[in-house]
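Chains as they are written, first to last, in the working numbering: chain C, 6 to 222; chain D, 6 to 222.
Beta carbons: idealized from backbone N, C-alpha and C, even for Gly.
The structure displayed is predicted, hence computed values, not measured ones.
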């Protein structure tokens, strides 16, 4: 694994930030990989969702989620202040637009650890800024083993997750990159490579490159 | 620097090969980086040009170039058997199509160490298969220092190369990725990341992914 990455700014060339959208069926390793990416990639930070559900024991307001009232949520949603939102089990969740816009303009990258429904909304709203990665399990047996090892769910809940996974998997078709998570380090290295490559694209830093060329010549 | 790369096949997922087009003004490090890429990237091989010029002392026919007659060159060119070609100082140079088609179909990648004129022909002929990288020097002073250190050219020839470089540099606009070569290891790592990322793109391996999904579900 390489050293913590400097954000690919080539020292001199400024660029717009990237929205890294990570999705996968549950158990395929998305959240572990997301945590590694946040630790390993200097310019990357997590997009913190707003939610109307109650805070759980160990959660920190503003870090895991921003906990807000239903009235506040509806105000944000109706003023187009959310990049995506969903209602799940009676609770609202959404990604606020302002912190993302600010980060991208400053050349910082935002990570979205999100299901495919949310991923699709982000892709539709911000195509040019989004780099989307769908993580696949190497096999359904391996996915089942991981869900069992995680020991968070009952046997019934695991069966439900596997059935959901089978419905979620075909949505790899809507993503830019597909990574099979055979091995956590290798999967992390691949997604790190995707981020490094994307920061080097001409079309993400035309202005910075024109300025660099002006100084060069 | 990471271990020799396996070609990003994720174990199971087949993909089409990539044409990696590397261009830069002379002295910016293209050929050194090309050599590192060939050593470090398992699936990558060099596209060997055909030429009508005379073989030089240490050159090996079929490795550095394939040395052919003018008549044979014209036959290849006129039967559309070359992906790109040019006449330089009275000699013909070209990239034969057949070995490239064969390699890509077998999931092997081809490296083109080529000037921007040749690069553009490749981009026009094979847009979907090409990944193009333009390497820029960090400064003209650094470029001049490298040309002097290389000690291959007279002071006059170096001045000519710098003048040519100033005309070549603006062609970064036609490439997918731009890498500033401040540091050879870092530049190599960036181009390696570009290759890894490109092998993970959905659109380069739709067929392989559909087959993988079929086995999965």
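Interface flag, residue i vs chain C, CB-CB below 8 Å
i: residue 134/D; result: no
i: residue 44/D; result: no
i: residue 175/D; result: yes
i: residue 35/D; result: no
i: residue 129/D; result: no
i: residue 119/D; result: no
i: residue 39/D; result: no
i: residue 144/D; result: yes
i: residue 12/D; result: Interpretation of residue 12/D is limited by its pLDDT of 45, a score under 50 that renders its predicted location unreliable; no figure is taken from the coordinates.
i: residue 214/D; result: yes
i: residue 218/D; result: yes
CB contact below 8 Å: residue i versus chain E
i: residue 150/D; result: In the structure shown, chain E does not exist; the protein chains are C and D.
Neighbourhood of residue i by C-beta, 8 Å cutoff - its chain only, sequence neighbours within 5 removed
i: residue 193/D; result: 6, 38, 41, 42 and 45
i: residue 209/C; result: 20, 21, 23 and 203
i: residue 103/C; result: 86
i: residue 138/D; result: 25, 26, 27, 28, 180, 181, 182, 183, 184, 196 and 199
i: residue 189/C; result: 34, 37, 38 and 41
i: residue 108/D; result: 22, 50, 114 and 115
Residue-level contact to chain D via CB, residue i, 8 Å cutoff
i: residue 7/C; result: Note that residue 7/C scores 42 on pLDDT, short of 50, meaning its location in the model is unreliable; the coordinates nonetheless yield the value given after this. Yes, residue 7/C counts as interfacial toward chain D.
i: residue 51/C; result: no
i: residue 234/C; result: Since the displayed chain C opens at 6 and closes at 222, residue 234/C lies outside it and no answer follows.
i: residue 161/C; result: no
i: residue 18/C; result: yes
i: residue 22/C; result: no
Chain D contact residues for residue i, given Cβ-Cβ distances below 7 Å
i: residue 111/C; result: Those do not exist, as residue 111/C stays about 21 Å from chain D at its closest Cβ, beyond 7 Å.
i: residue 198/C; result: 198, 201 and 202
i: residue 195/C; result: 201 and 205
Residues near residue i in its chain [Cβ-Cβ closer than 7 Å; skip 5 each side]
i: residue 36/C; result: 118
i: residue 98/D; result: 54, 56, 90 and 91
i: residue 158/D; result: 152 and 166
Contact set for residue i: own chain, Cβ-Cβ below 6 Å, skip 5 residues either direction
i: residue 73/C; result: 55
i: residue 135/C; result: 24, 26, 127 and 128
i: residue 76/D; result: none
Proximal chain C residues relative to residue i, where beta-carbon distance stays under 9 Å
i: residue 171/D; result: 221 and 222
Contacts that residue i makes with chain C (C-beta to C-beta distance below 8 Å)
i: residue 181/D; result: 206 and 207
Beta-carbon neighbours of residue i, restricted to chain D and to distances below 9 Å
i: residue 79/C; result: Under the 9 Å cutoff, chain D gives no residues; its nearest Cβ is about 36 Å from residue 79/C.
Within the chosen definition, does the segment 160-171 of chain D reach the segment 201-217 of chain D through at least 3 CB pairs nearer than 8 Å? no
Are three or more beta carbon pairs between the segment 128-144 of chain C and the segment 56-68 of chain C nearer than 8 Å? no
Could you tell me whether the segment 79-87 of chain C touches the segment 141-155 of chain C, where touching means 3 or more Cβ pairs closer than 8 Å? no
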